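Below you'll find the structure, written out as structure tokens, and then a few comments.
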Amino acid sequence: MTENILEVRDLVKHYPVTRGVVFKKTIGHVKAVDGVSFDLKAGETLGVVGESGCGKSTLSRVLMNLEKPTAGSVAFKGQDISKLSGGALRRLRRQIQLVMQDPYTSLNPRMTVGDLVGEPFEIHSEVAPKGSRRDKVKELLDLVGLNPEHINRYPHQFSGGQRQRIGIARALALRPEVIICDEPVSALDVSIQAQVMNLLEKLQREFGLSYVFIAHDLSVVRHLSDRVAVMYLGKIVEIGTEDEIYERPTHPYTQALLSAVPVPDPTLRENKTIIRLSGDVPSPISPPSGCRFRTRCWKAQDICAEQPPLLEIRQGSDHPSACHFAEKREIVATHEV
Amino acid sequence: MSDILVSEQSAPGADGSGRPSGRLLEVDDLRVEFRTRDGVAKVINGVTYHVDAGETLAVLGESGSGKSVTAQTIMGILDMPPGFVTGGQVRFHGKDMLKMSAEERRRIRGEGIAMIFQDSLSALNPVFTVGFQIAEQFRIRRGMSRADAKKRAIEMLDQVKIPNAKGRFNNFPHQFSGGMRQRAMIAMSLALDPEVLIADEPTTALDVTVQAQIMDLLGELQRERRMGMILITHDLGVVADVADRIAVMYAGRIVEEADVYDLYAKPAHPYTLGLLDSIPRLDEKGQQLRTIKGLPPNLMNIPPGCPFNPRCAMAQPVCREKLPPLLQIGAGRASACHFAEELVNRD
Chain A
0 MTENILEVRD LVKHYPVTRG VVFKKTIGHV KAVDGVSFDL KAGETLGVVG ESGCGKSTLS
60 RVLMNLEKPT AGSVAFKGQD ISKLSGGALR RLRRQIQLVM QDPYTSLNPR MTVGDLVGEP
120 FEIHSEVAPK GSRRDKVKEL LDLVGLNPEH INRYPHQFSG GQRQRIGIAR ALALRPEVII
180 CDEPVSALDV SIQAQVMNLL EKLQREFGLS YVFIAHDLSV VRHLSDRVAV MYLGKIVEIG
240 TEDEIYERPT HPYTQALLSA VPVPDPTLRE NKTIIRLSGD VPSPISPPSG CRFRTRCWKA
300 QDICAEQPPL LEIRQGSDHP SACHFAEKRE IVATHEV
Chain B
2 MSDILVSEQS APGADGSGRP SGRLLEVDDL RVEFRTRDGV AKVINGVTYH VDAGETLAVL
62 GESGSGKSVT AQTIMGILDM PPGFVTGGQV RFHGKDMLKM SAEERRRIRG EGIAMIFQDS
122 LSALNPVFTV GFQIAEQFRI RRGMSRADAK KRAIEMLDQV KIPNAKGRFN NFPHQFSGGM
182 RQRAMIAMSL ALDPEVLIAD EPTTALDVTV QAQIMDLLGE LQRERRMGMI LITHDLGVVA
242 DVADRIAVMY AGRIVEEADV YDLYAKPAHP YTLGLLDSIP RLDEKGQQLR TIKGLPPNLM
302 NIPPGCPFNP RCAMAQPVCR EKLPPLLQIG AGRASACHFA EELVNRD
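Rendered as structure tokens:
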């Protein structure tokens with residue numbers, strides 16, 4: 000059993016919805032993240048999947064301590080990060096870094112690559128003393144597969160994939176232990192996406208990094224993750240190893256999600272059953288009572304409206320699932336020949 | 002230049018001789034360039050494809066491959082300048098649309114060929130209601146009264162399965178969710194019953210469960226109306242689900258054209274092969290992904306010979322010198338690679 004590097008417990012993040020300008024009145028809350036718990040072990044990749052609006056990006060912001068949680072805790076090696084401030088917080092920030100989705104807007108267009116990647120050293124000067132910074136930056140560029148000679152170029156001189164590499168180099172600069180990847184490859188073309196995914200894997204092996212890998216693309220998540228958490232409307236509905244989630248999903252939402260992913264193989268066209276979900280994701284301001292998925296679920300009973308199902312291991316299953324009627328179902332297009 | 006002419010005649014769409022071929026929509030050796038301050042970008046360099054009634058042609062390619070510009074040229078909505086059509090034809094029922102007057106083209110738009118776009122929020126006019134934008138077509142093109150047009154528009158909204166179509170008629174685009182907006186846009190594009198529908202990345206901005214709904218809907222409507230559909234996408238998964246034929250584009254050219262089953266089973270161009278190898282699959286826990294090294298070429302400076310040669314694992318000296326024409330290599334299959342035969346016949 001390896002140690003837990005991150006422990007997230009009952010994490011809640013609500014954003015107030017206000018009306019009025021001078022006399023602001025809170026008329027409700029967007030329940031972006033509403034009671035999320037999981038552990039991240041050292042050296043593993045936890046994939047977080049879900050559709051837009053399920054709270055996965057808010058989760059990343061709270062994990063980074065860019066937002067204070069409304070309730071609950073995030074502990075890095077046993078230390079609650081939301082309670083830290085000042086120097087202690089700054090020291091902690093070195094350990095958790097973020098790779099952002101959009102390589103076009105996340106890099107300051109007026110800074111050179113050298114400045115962008117070297118900026119973390121300004122704040123954490125203990126990592127690289129002033130004289131050695133340029134060499135350090137060149138080393139980082141080389142590490143992520145960019146030409147170190149390009150250190151004086153500006154972001155617009157690079158392609159999308161290269162910019163994402165700059166973002167990764169910047170995240171690596173302080174030698175963090177945890178990197179949170181928020182949709183790091185979704186803005187990239189297929190051929191480039193594979194290059195960046197391979198790079199992330201290589202870096203993980205080399206530095207023993209732990210990743211929280213947030214994405215909406217289930218195939219990408221499966222490829223990179225050891226364990227996977229499926230989110231729906233601010234809650235984790237199912238969590239387990241990559242194998243448990245993809246081969247033996249028990250939550251209806253996971254099953255529907257997996258069945259809807261197009262598989263690049265035309266021969267599977269006929270013998271594929273897709274579970275059609277009707278309607279859209281409800282508003283996170285007023286999520287349905289009980290189970291949040293019940294409004295789109297084909298299994299919904301009265302109990303689903305009354306009792307929110309707990310995320311727990313149920314009979315006949317080997318991993319936690321938040322459904323009163325969790326059961327296995329053959330849905331994943333298996334690779335029989 | 003001579004080898005390009007060869008490619009035109011031997012492309013599977015033209016099938017050699019007889020013209021007019023009776024095809025619904027044909028793009029024939031189309032060439033488009035963008036003249037900018039920094040130089041001339043050759044965006045489309047001889048694209049030939051066709052689509053017939055009731056079939057789905059998927060145009061597959063990465064950003065900058067020219068797949069959307071081709072569609073914009075077909076629709077006549079290319080920004081000119083900076084875009085210039087420097088050669089080729091776009092024939093609808095055998096008539097070259099590029100030679101038509103603006104008025105003639107306008108009549109084809111909507112009734113002959115319609116298009117749906119990726120980003121439904123920016124494709125719909127935010128200051129008019131969704132219902133108005135659909136009904137407008139019936140009033141202007143069909144001369145219907147306000148009341149009749151409204152009735153038809155509600156029918157359209159109903160057909161694309163928007164719940165409570167009547168109540169939704171007076172909603173503005175921002176009041177719709179992403180999936181609903183895409184449905185509204187489908188309703189709008191199908192209002193005048195077009196013969197060809199161009200769908201430019203119709204589901205890229207949507208979540209998977211919604212994507213499945215929209216692709217279903219499109220398939221259903223296409224079968225009902227026997228429309229020809231050009232599906233422009235970069236998603237090899239979606240293509241495998243719905244396409245009949247596939248044209249793969251790279252650097253403004255078609256590099257491979259094939260039936261969907263053939264293409265996935267035995268790609269005949271190293272680029273197609275590379276794409277198929279580099280996608281992670283849902284049904285397989287992958288090892289290291291195989292990648293295509295390098296980047297797509299700068300369209301202002303396309304490498305001599307085969308544009309894919311700097312990234313190609315199979316590249317030989319000939320690839321750096323001679324542009325491989327798109328040659329037929331089997332029934333309904335064509336590849337623009339000097340080594341297509343070897344690629345298909347390997348095991």
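The listed protein sequences derive, respectively, from chains A and B. Going by our numbering, 315 is the number at position 316 of the first sequence; the sequence numbering is gapless. Going by our numbering, 303 is the number at position 302 of the second sequence; the sequence numbering is gapless. Backbone N, C-alpha and C fix where the C-beta goes; we use that ideal spot for every residue, glycine too. These figures come from a predicted structure and were not determined experimentally.
For residue 53 of chain B, the closest C-alpha among the options B:316, B:331, B:244, B:149 is that of B:244. Short of 8 angstroms from the beta carbon of residue 130 of chain B, and not among the five residues preceding or following it, lie these beta carbons of its own chain, in chain order: 170, 171, 172, 173.
Here residue 171 of chain A has 96, 139, 142, 143, 178, 202, 206 as same chain residues with Cβ atoms under 8 angstroms from its own Cβ, once five neighbours each way along the sequence are excluded. At a cut-off of 8 angstroms between beta carbons, residue 197 of chain A contacts chain B. Close CB contacts of residue 217 of chain A within its chain, under the 7 angstroms cut and outside five residues either way in sequence, are with 48, 256, 257, 260 (chain order).
Flagged as an interface residue toward chain B: residue 217 of chain A, by a C-beta distance shorter than 8 angstroms. Straight-line measurement puts the Cα of residue 315 of chain A at about 51 angstroms from the Cα of residue 197 of chain B. Taking a beta-carbon distance threshold of 8 angstroms, residue 286 of chain A does not count as an interface residue toward chain B. Using a CB distance cut-off of 8 angstroms, residue 190 of chain A counts as an interface residue toward chain B. A residue is called buried once 16 or more other Cβ atoms fall within 10 Å of its Cβ, and residue 104 of chain A, having fewer, is exposed. Chain-order list of chain B residues neighbouring residue 273 of chain A: 213, by C-beta distance under 7 angstroms. Fewer than three pairs of CB atoms, one per stretch, sit closer than 8 angstroms, so the stretch 156-169 of chain A makes no contact with the stretch 76-91 of chain A. Residue contact check for residue 299 of chain A against chain B: no CB pair falls below 8 angstroms. Counting only runs of 4+ residues, the alpha helix (DSSP H) found wholly inside the stretch 160-212 of chain B occupies 166-169, 179-191, in chain order. Residue 41 of chain B has B:36 as its beta-bridge partners, per DSSP.
Between residue 41 of chain B and residue 34 of chain B, the CB-CB gap stays under 8 angstroms. Look at residue 140 of chain A here: in three-state DSSP terms it is helix. Interface with chain A (8 angstroms Cβ-Cβ cutoff): residue 265 of chain B is included.
Closer than 8 angstroms to the CB of residue 251 of chain B there is not a single CB belonging to chain A.
Here residue 22 of chain A is exposed: its Cβ has fewer than 16 other Cβ atoms, across all protein chains shown, within 10 Å. The shortest C-alpha to C-alpha distance from residue 286 of chain A to any of A:25, A:7, A:30 is the one to A:30.
Rounded to the nearest angstrom, the gap between the Cα atoms of residue 101 of chain A and residue 147 of chain B is 45 angstroms.
By the criterion of a C-beta distance shorter than 8 angstroms, residue 277 of chain A is surrounded in its chain by 295, once the five residues flanking it on both sides are discounted.
Each residue's CA atom was taken as its position, placing residue 202 of chain B and residue 252 of chain B some 18 angstroms apart. Shown here, residue 265 of chain B sits in a helix according to DSSP, grouped into three states.
Unbroken beta strand (DSSP E) runs of no fewer than 3 residues, entirely contained in the stretch 13-40 of chain A, are found at 24-40, following chain order. Restricting attention to A:318, A:298, A:41, the CA atom closest to the CA of residue 3 of chain A is found in A:41. With a threshold of 16 other beta carbon atoms within 10 Å, residue 214 of chain B meets it and is buried. Residues of chain B whose Cβ lies closer than 7 angstroms to the Cβ of residue 254 of chain A do not exist; the shortest such Cβ separation is about 11 angstroms.
Taken atom to atom, the span from the alpha-carbon of residue 175 of chain A to that of residue 55 of chain A is near 21 angstroms.
Residue 299 of chain B is classed as exposed because its beta carbon has fewer than 16 other beta carbons within 10 Å across all chains shown. Within the stretch 191-212 of chain B, the residues whose Cβ lies closer than 8 angstroms to any Cβ of chain A are, in chain order, 208, 209, 210, 211, 212. Distances from the CA of residue 222 of chain A to each of A:234, A:5, A:199 were compared; the closest alpha carbon is that of A:199. Taken in chain order, the unbroken stretches of alpha helix (DSSP H) that lie wholly in the stretch 112-170 of chain A and span 4 residues or more are 112-122, 132-142.
The beta carbons of residue 333 of chain B and residue 266 of chain B sit about 14 angstroms from each other, so the pair does not count as a contact at 8 angstroms. Using a Cβ-Cβ cut-off of 9 angstroms, residue 277 of chain B is close to 263 of chain A, given in chain order.
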